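Following: one structure in structure tokens, then a few remarks.
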Amino acid sequence: MTENQLKWTGFFVTVIGVVGLVLIFFSVDFGTSLADSWVAKQGGASTERYHIILESYIHSFLIAGSILFGFSLLFAIFTYFAFMLLPKR
Numbered sequence: 023m024t025e026n027q028l029k030w031t032g033f034f035v036t037v038i039g040v041v042g043l044v045l046i047f048f049s050v051d052f053g054t055s056l057a058d059s060w061v062a063k064q065g066g067a068s069t070e071r072y073h074i075i076l077e078s079y080i081h082s083f084l085i086a087g088s089i090l091f092g093f094s095l096l097f098a099i100f101t102y103f104a105f106m107l108l109p110k111r
């Protein structure tokens, strides 16, 4: 890998990490919004069912954010070591 490729990889790792953190920290807001739109499409739902749907959406965003953030950490470590092993000119 060239130094330029490593810099671009670092940029994409940062973007993916930020997206993952946003999904994690705002999972409740995103999940509530989707659950509310689901109830509006259904025309109403019982409290128990709404709660199950709400938790499902929240957990979906938490899982997606965790996966993205985990991959970004993994690739950040890879990029760091690849940059350190790159011959200096």
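Following the numbering used here, the numbering of the sequence shown begins with 23 at its first residue and continues without gaps.
We treat Cβ as the ideally placed atom computed from N, Cα and C, and that holds for glycine.
In this text the structure is predicted, and so the values were computed from the model without any measurement.
Item: Within 9 Å, strictly: CB atoms of G39 and L84; Value: no
Item: Boundaries (first-last residue) of the alpha helix (DSSP H) holding T24; Value: Where T24 is concerned, there is no enclosing alpha helix (DSSP H), given that its DSSP letter is neither H nor E.
Item: Other residues of its chain near A57: CB distance less than 6 Å, five sequence neighbours each side excluded; Value: I75, L76, Y79
Item: Cβ neighbour criterion (16 or more within 10 Å) applied to S59; Value: exposed
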